[in-house]
Amino acid sequence: MSSSNSRAQTSLLQETLDAALTRLEALEDSQRQINEENQVLRARLEEQALAQAQPRGPDPALANTKEPKVASPEFFHGRSKTKLAHFLLGLNIVLQTQSSRFPDDRSKITFAISFFRDEAMSWIEPFANKDPLDQPDFMKIYRLFVNELKTIFGDPDEVATAERQIRALRQRGSASSYFADFRRFAAVLDWNDSALASQAYTGLKDKIKDELARIGRPTVLNELILTATRIDTRFSERDSEREREQPTLSSSTASNPPRSSATPVTTTIKVKQEPKDNSGASSFRRGPLTDDEKARRRREGLCAYCASPDHEVLNCPRSGNSNSSRQAQGNKPTASSGN
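Each residue of the sequence shown is one higher than the last, beginning at 1226 in the numbering used here.
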């Protein structure tokens, strides 16, 4: 009886051992297959890395296509967050207009790195010096490379910064310049058209707002930009017209200076010694100047009182308050000394 049980147990153990050996052989076969596949994949990766490292000739289809010449991007030092956007714009212009020079992402990344300096070069150097197979993904895929640049050197809260800038923006010069800055900030924000139009109106000059109140204020951003720009352009044209139509005092005084009303006996000697004295101030009278005429005289460097280009208002002989007039008045002989 015991012998029969022993044989049964032995048979069961043998079957279990055979099954385990069968599973082990299957696992070994699977492992060998996996190792072979890994070797094939690694060989392909090495071939791709070598192919990318070697310069490629231009695409035959594009060989006869003359691409436009564009300026290279400025060097990127990594010191200013605002400079990153300018650098990426210049970089993209070159990559898009001369695409035959950059057939793959690695060539684009290498071209971008060639313009790195200072902090930017110090950051990229350890990654660029690694074996191509060990480099991070952003050194192989251009889109990830740009994202990494923005993370390291860009504004960490670009939206909040753009919102502060667009709310503080005010029109100082032309409407076209104002809207160019407005569009740049708005591109970062996720505002709807109504909110953008309202904010764009807020920063306009008062005289443009007054005209919009008269003709009707557009509520759509594009319509507001077109209308406000047209109004601003017309204001500028009208200012130029007013300057051309405004009679200038300088031309008349330069060609026909006012003559002294004093008698020849008392003024002949004084005229020879001092071409202009305080008597000129009493005989020279002008009406109030317009704001445009005042601005013109300041812009052209003319005397603010008589519009002469030969002196400033402090030395104007036609102004009773000038230094030369006061000096002439002080040197004029009195009646007693004349006798």
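A virtual CB, placed ideally from N, CA and C, is assigned to each residue, including glycine.
For F1341, three-class secondary structure by DSSP: The sequence position of residue 1341 within the sequence shown is 116, counting from 1. Three-state result, F1341: strand.
Could you tell me the alpha carbon to alpha carbon distance between A1405 and L1369, rounded to whole angstroms? Within the sequence shown, the letter at position 180 stands for residue 1405. Within the sequence shown, the letter at position 144 stands for residue 1369. Each residue's alpha carbon lies about 29 Å from the other.
Any contact between the stretch 1318–1325 and the stretch 1345–1362? By contact I mean 3 or more CB pairs, one from each, below 8 Å. no
Buried or exposed: which applies to V1371, given that a residue is buried once 16 or more other Cβ atoms fall within 10 Å of its Cβ? Here residue 1371 refers to the residue found at position 146 of the sequence shown. Buried, since its Cβ has 16 or more Cβ neighbours within 10 Å.
For K1355, report the span of its alpha helix (DSSP H) as first-last. Taking the first residue of the sequence shown as position 1, residue 1355 is located at position 130. Unbroken run through K1355: none, as it is neither H nor E.
Taking the beta carbon of T1247 as the centre, do at least 16 other beta carbons fall within 10 Å, making it buried, or is it exposed? On the sequence shown, position 22 is the one that residue 1247 refers to. Classification of T1247: exposed, given that the 10 Å Cβ count is below 16.
Distance between D1356 and I1349 (C-alpha atoms, nearest Å): In the sequence shown, residue 1349 corresponds to position 124, counting from 1. In the sequence shown, residue 1356 corresponds to position 131, counting from 1. So the two alpha carbons sit approximately 14 Å from each other.
Cα separation between R1395 and H1302? By one-based count along the sequence shown, residue 1395 stands at place 170. By one-based count along the sequence shown, residue 1302 stands at place 77. About 31 Å.
Among residues of its own chain, excluding the 5 on either side of I1334, which ones have a beta-carbon nearer than 7 Å to its beta-carbon? Residue mapping note: residue 1334 aligns to position 109 of the sequence shown, counting from 1. Only M1364, Y1367, F1370 meet the Cβ criterion.
Grab me the residues of R1342's own chain with a C-beta within less than 6 Å of its C-beta, minus the 5 sequence neighbours each way, in chain order. Along the sequence shown, one-based indexing puts residue 1342 at 117. Closer than 6 Å at Cβ, skipping near neighbours: F1300, H1302.
Candidates K1308, A1310, L1314: closest to A1296 by CA position: Along the sequence shown, read from residue 1 onward, the residue named residue 1296 stands at position 71. If we check each option's Cα against that of A1296, L1314 comes out closest.
By DSSP's criteria, F1301 is part of a beta bridge. Which residues make up the other side? The count along the sequence shown starts at 1 and reaches residue 1301 at position 76. F1301 is bridged to F1341.
Report the three-state DSSP secondary structure of I1456 (helix, strand or coil). Locating residue 1456 in the sequence shown gives position 231, where the first residue counts as 1. Helix, per DSSP.
Using a Cβ-Cβ cut-off of 7 Å (strictly less than) and excluding sequence neighbours within five positions of S1399, which residues of its own chain qualify? Locating residue 1399 in the sequence shown gives position 174, where the first residue counts as 1. So the qualifying residues of the chain are D1457.
Can you give me the C-alpha to C-alpha distance between R1521 and E1344, rounded to a whole angstrom? The residue you call residue 1521 lines up with position 296 of the sequence shown. The residue you call residue 1344 lines up with position 119 of the sequence shown. Each residue's alpha carbon lies about 49 Å from the other.
Taking contact to mean 3 or more Cβ pairs, one atom from each stretch, closer than 8 Å, check whether the stretch 1464–1471 and the stretch 1415–1425 are in contact. no
Alpha-carbon spacing of S1430 relative to F1336, whole angstroms: Position 205 of the sequence shown, counted from the start, is the residue given in the question as residue 1430. Position 111 of the sequence shown, counted from the start, is the residue given in the question as residue 1336. In the sequence as presented, Ser is not what sits at residue 1430; that position holds Lys. The alpha-carbon atoms of K1430 and F1336 are separated by roughly 44 Å.
When the Cα atoms are used, what is the spatial distance from G1544 to D1435? Taking the sequence shown and counting its residues from 1, the one referred to as residue 1544 is at position 319. Taking the sequence shown and counting its residues from 1, the one referred to as residue 1435 is at position 210. One point to set straight first is that residue 1544 is Ser, not Gly, in the sequence displayed. Cα to Cα, the separation comes out at about 39 Å.
Taking the Cβ atom as the reference point for each residue, do I1440 and L1414 lie within a distance shorter than 8 Å? Within the sequence shown, numbered from 1, the residue matching residue 1440 stands at position 215. Within the sequence shown, numbered from 1, the residue matching residue 1414 stands at position 189. No, Cβ-Cβ distance for I1440 and L1414 is not below 8 Å.
Where W1416 falls: helix, strand or coil (DSSP): Within the sequence shown, numbered from 1, the residue matching residue 1416 stands at position 191. Reduced to three states, the DSSP call for W1416 is coil.
Would DSSP call I1450 helix, strand or coil? To locate residue 1450, count along the sequence shown from 1; it is residue 225. Note: I1450 maps to helix in three-state DSSP.
Could you tell me the alpha carbon to alpha carbon distance between L1252 and Q1239, rounded to whole angstroms? Counting from 1 along the sequence shown, the entry for residue 1252 is found at position 27. Counting from 1 along the sequence shown, the entry for residue 1239 is found at position 14. Distance between the alpha carbons of L1252 and Q1239: 20 Å.
Please check the pair G1379 and K1308, which I expect to be a contact at CB under 8 Å, by giving their CB distance rounded to whole angstroms. For the purposes of this step, residue 1379 is taken as residue 154 along the sequence shown, with counting starting at 1. For the purposes of this step, residue 1308 is taken as residue 83 along the sequence shown, with counting starting at 1. Wrong, their Cβ atoms sit about 10 Å apart, outside the cutoff.
Short of 6 Å in beta carbon distance, which residues of its chain neighbour F1410, apart from the five on each side in sequence? Order them along the chain. Within the sequence shown, residue 1410 is the residue found at index 185, counting from 1. Contacts found: A1387, Q1390, I1391.
Go to K1515, then tell me how far its alpha helix (DSSP H) extends in each direction, as first and last residue. By 1-based counting over the sequence shown, the position of residue 1515 is 290. A small fix is needed here, since residue 1515 is Thr in this sequence, not Lys. No alpha helix (DSSP H) holds T1515; DSSP gives it neither H nor E.
Assigned secondary structure, Q1234 (DSSP; H/G/I helix, E/B strand, else coil): Walking along the sequence shown from the start, residue 1234 turns up at place 9. If DSSP states are grouped into helix, strand and coil, Q1234 belongs with the helices.
Same chain, Cβ closer than 6 Å to P1513, neighbours up to 5 away in sequence not counted: To locate residue 1513, count along the sequence shown from 1; it is residue 288. So no residue of the chain qualifies.
Return the CA-CA distance between A1385 and Y1426, expressed in angstroms with no decimal places. Position 160 of the sequence shown, counted from the first residue, corresponds to residue 1385. Position 201 of the sequence shown, counted from the first residue, corresponds to residue 1426. The alpha-carbon atoms of A1385 and Y1426 are separated by roughly 20 Å.
Span separating the alpha-carbon of S1231 from that of T1241: Taking the sequence shown and counting its residues from 1, the one referred to as residue 1231 is at position 6. Taking the sequence shown and counting its residues from 1, the one referred to as residue 1241 is at position 16. So the alpha carbons of these two residues sit roughly 15 Å apart.
For S1533, count the other beta carbons within 10 Å of its own beta carbon; 16 or more makes it buried, fewer makes it exposed. Which is it? In the sequence shown, counting from the first residue as 1, residue 1533 sits at position 308. With 16 or more Cβ atoms within 10 Å of its Cβ, S1533 is classed as buried.
Could you check which residue in S1461, V1445, N1260, N1447 has the C-alpha nearest to that of K1432? Here residue 1432 corresponds to residue number 207 of the sequence shown, with the count starting at 1. Closest option to K1432, Cα to Cα, is S1461.
Please report how far the alpha carbon of A1438 lies from the alpha carbon of E1525, in whole angstroms. In the sequence shown, the residue the question calls residue 1438 occupies position 213. In the sequence shown, the residue the question calls residue 1525 occupies position 300. Approximately 35 Å between the Cα atoms of the pair.
Beta-carbon of L1252 versus every beta-carbon of chain B: anything under 8 Å? The structure shown contains no chain B; it is built from a single protein chain.
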